[in-house]
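Taking it in order: structure first as structure tokens, then the write-up.
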């Protein structure tokens, strides 16, 4: 049996802990089913080229926690008693199980098939869902959008043809460059902007064009899982760098002397998921690292538009003097996710090759929506919408923090409430994350553990609370129900 | 100087011919500029690991044709007298020159940077442009489209959120499956359909997931250049298979005994660019090849909707019993290109991994357009539009063929007029393709040589004539002007 386990000796977590975690996930996501026999310690040790002691240590932990059971003389099996509803109840799961295929996959395909945690897309219908990343959809000015769509649809028919601008509709790139320069201190001209199908495609193109499989990428720990999966799938070596109150602990980059770090992926405006804002000294330190080593920086600025009472710190891109920063932005949070429009601000030397790659991979984005978005920005609708949303989110955020403090007091630690549309909360509780999620689901509450976003030093009791699309009543009621679960356990 | 020349000993064309062709293209697309010194024969022979005689033969041909000149005692140079307007006048050119980069590219990035012929996107404004691939945009029922957009934009706001269907909006997949089963004898259920950003993304995903760099892909010769570039960029070995009146000469697949052919890319309904229709015996032969070797087939059905008086032959996919066929379709030709919606019909075993890859690469397509398209198909607008367009294209095609015959008689051979929205024409002329294109541009006529679509046995005087978006008056006048150029030379 192939178990698709990848251990990484560069991680600070000991190998037996990594093995334990991966086996546990394999059981929880159902790829190992109850009653299924697992490999002998001797076999697994050999196939992973690790010591048998490491395997035994992991197995013992899983046995003691009831994930595995031994049947004398027959071997070790996945426990029959694992409650079915625990399986797949993790908020992160595979999209669909990839069964053994009759058709041979490429290395990329194989790695993708074996990725354990693809953030899930379909969720159960829940009354109050604290998932992250969804803006307040009902507040979107749909009538203006509809009017613009209708206008551009009819204006003339030239837009129906292939675009001659694979990097994006020129007036849109101009509007974005103008907006970024003004509001984010990003230093760019329209020609440096590549319009992409959201952040995912921007990341995918960067990896394909600039990083060779096997090269090393540093990520925040915890950090954005969907980015990590792109890096993993394309065969990158990944090293986790700690995050504290000032964001990425830049000096840790020097710890990895054996690996040349080609790229650092950061979310400086509102670190995902902790919400820390990367301090100015750290920003300068990171840029100086890039300049000294020739390394690159991806600055993922996914929701910096929402800040509450904090003075903005200039984007890394705007501080950069050595063309080391690839800046990514998206309209998924400020407008709506199904628009699928994001953008990449590129050093000038990379514009031509990225444009060519975009043309090769899928030509260009649909043109109509690009026209509508350009007009939406240029005629001031975007800034008006942002002002309105800042005030709505600020209020929701305050309500959420207030009810959390009221119910939990010192039993909850709140992080990252100064920006964005989610916060992170650490609970003191004897319940496991899975138990909390499971009980919450039963009372109609959707919860997301921060755990899968950690590559090392997995915590317990840390959850991400998206509040963008929840009303004050929902926020209050949601936390009330949650308090009953966590505090009464 | 690095010249980025790739010679392939597997091609039937002799090496000196390949080298000649690539050097010539490098001069024409401006990567080697007039007056620039080219490497010595000794140096180039050594760096390409070929005999010096091969290099000398190519250089001599280029010298005799006036592309190169020698300066005694100084070396060989690109000729100063190459007229500037010949440079970059080829209808196929690089998007932008990729200059040497300060940032290291991946292997993929490097290969892409060195691709010589990326089909061009920006074209000069011409009165009558015979470019292929553009449908009759002014005939598109824009009012219906606009009404549907307006309706779905307002219906409810659920569509604004991330889609829970990365493989595509379910009603759209259902509508496409239904349409394909009925009109193309494709054998599929909605679950097998993956909605993609056009044909390009479908091809890109297939290559990434199923083909490892270095593996061999067979393509039609001539064949669709944009597909070939995707294969080349991802590091595939490519072998050309001839095309005759019955389409791909399947038996030639057996000639490549040294390479295991993993994949064959074909355009059976209307071979691009020759227009041949793959005969039923050949289809069965190709499927039997796949069954015997375990090879895969990409069936690119880019414009099969338009047939003139020919009985349709079932799609390869519908005849396949062994899950060897990946069927690609697009709405770029039947509706409009900037919609950016295509689809892939997958063997069931591949659905999960392709869905996961789509989710990872760019999540999903914009949802609004998918809703509109689903309704457009389901309420019969697509079939009505197709009926109307078939009759319009049929008439345009007849006019084009008639005026070609009238002016050129036996000096023009017309191919592929039974389907699609382009034909291929071979002219008997002493002028080179470039000379014809250049003279045509001067009188406001856009021409596309078939030459770049050949990987081997490059012809002379073969052109592709797209007629979809040209009126009968434009077609008549365009050919009249062309006759003056070609016949009066």
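Protein chains in written order, with this note's numbering: chain A, 892 to 1380; chain B, 892 to 1380. C-beta: ideal position from N, C-alpha, C; glycine also.
Query: Short Cβ contact (7 Å threshold) for residue 1233/A with residue 1025/A; Result: no
Query: Nearest to residue 1165/B (by Cα), restricted to the options 1173/B, 1115/B and 971/B; Result: 1115/B
Query: Residues that residue 1156/B bridges to, as DSSP identifies them; Result: 1110/B and 1189/B
Query: Exposure label - residue 979/B; buried when at least 16 CB within 10 Å; Result: Caution applies to residue 979/B, whose pLDDT of 41 falls short of 50 and renders its modelled position unreliable; the value that the coordinates give is listed next. It is exposed - the Cβ of residue 979/B has fewer than 16 other Cβ atoms within 10 Å.
Query: According to DSSP, residues forming a beta bridge with residue 1130/B; Result: 1109/B
Query: Outcome for residue 1058/A when other beta-carbon atoms lying within 10 angstroms are tallied against a minimum of 16; Result: buried
Query: Distance between residue 934/B and residue 1023/A (C-alpha atoms, nearest Å); Result: 59 Å
Query: Test item: CB-CB of residue 1100/A and residue 1000/B under 7 Å; Result: yes
Query: Residue burial classification, residue 1227/A (beta-carbon count within 10 angstroms, cutoff 16); Result: buried
Query: Near-chain A residues of the region 1100-1133 of chain B (beta-carbon distance less than 7 Å), N- to C-terminal order; Result: 1100, 1101, 1102, 1103, 1120, 1121 and 1124
Query: Exposed unless 16 or more other CB atoms sit within 10 angstroms - verdict on residue 1095/A; Result: buried
Query: Reduced DSSP secondary structure (H/G/I, E/B, other) of residue 1025/B; Result: coil
Query: Contact set for residue 1359/B: own chain, Cβ-Cβ below 7 Å, skip 5 residues either direction; Result: 1025, 1026, 1027, 1284 and 1312
Query: Against chain B: residues of the region 1253-1280 of chain A by CB proximity under 8 Å; Result: 1253, 1254, 1255, 1256, 1257, 1258, 1259 and 1260
Query: The region 1167-1186 of chain A touching the region 1037-1049 of chain A, judged by at least three CB pairs closer than 8 Å; Result: no
Query: Nearest to residue 1185/B (by Cα), restricted to the options 928/A, 997/A and 993/A; Result: 993/A
Query: Segment contact flag, the region 1147-1162 of chain A with the region 1185-1194 of chain A, C-beta cutoff 8 Å, min 3 pairs; Result: yes
Query: Element boundaries [alpha helix (DSSP H), containing residue 1294/A]; Result: 1272-1299
Query: Straight-line gap, residue 939/A to residue 897/A (C-alpha atoms, nearest Å); Result: 8 Å
Query: Residue 941/A versus residue 900/A: straight-line alpha-carbon distance, rounded; Result: 10 Å
Query: CB contact check: residue 1191/A to chain B, cutoff 7 Å; Result: no
Query: Beta-carbon gap between residue 1129/A and residue 1108/A smaller than 7 Å; Result: yes
Query: Cross-chain neighbours of residue 1095/A in chain B, by beta carbon under 8 Å; Result: 1251, 1252 and 1253
Query: Beta-carbon contacts of residue 974/A that lie in its chain and below 7 Å, excluding the five residues immediately before and after; Result: Low confidence applies to residue 974/A: its pLDDT is 49, below 50, so where it sits in the model is not reliable enough to give any reading.
Query: Beta-carbon neighbours of residue 1009/B, restricted to chain A and to distances below 9 Å; Result: 1247, 1250 and 1251
Query: Residue 1369/A versus residue 1356/A - alpha carbon distance; Result: 11 Å
Query: Chain A contact residues for residue 1331/B, given Cβ-Cβ distances below 7 Å; Result: Chain A residues near residue 1331/B: none, gap ~20 Å exceeds 7 Å.
Query: Residues of its chain near residue 1075/B, where Cβ-Cβ distance is below 6 Å and the 5 sequence neighbours each way are ignored; Result: 1206
Query: Residue 1154/B and residue 1175/B closer than 7 Å at C-beta; Result: no
Query: Own chain partners of residue 1322/B with C-beta closer than 6 Å, once the 5 adjacent residues on each side are dropped; Result: 1380
Query: CA nearest to the CA of residue 1238/B, picked from 966/B, 943/B, 1362/B and 1081/B; Result: 1081/B
Query: Nearest residue (CA-CA) to residue 1189/A, options 1295/A, 1215/A and 1173/A; Result: 1215/A
Query: Bridge partner(s) assigned by DSSP for residue 1353/B; Result: 1317/B
Query: Delimiting residues of the alpha helix (DSSP H) encompassing residue 1235/A; Result: Element bounds for residue 1235/A: not the alpha helix (DSSP H) but the beta strand (DSSP E), 1233-1236.
Query: Neighbourhood of residue 927/A by C-beta, 6 Å cutoff - its chain only, sequence neighbours within 5 removed; Result: 969
Query: Residue interval of the alpha helix (DSSP H) (run including residue 1258/B); Result: 1258-1269
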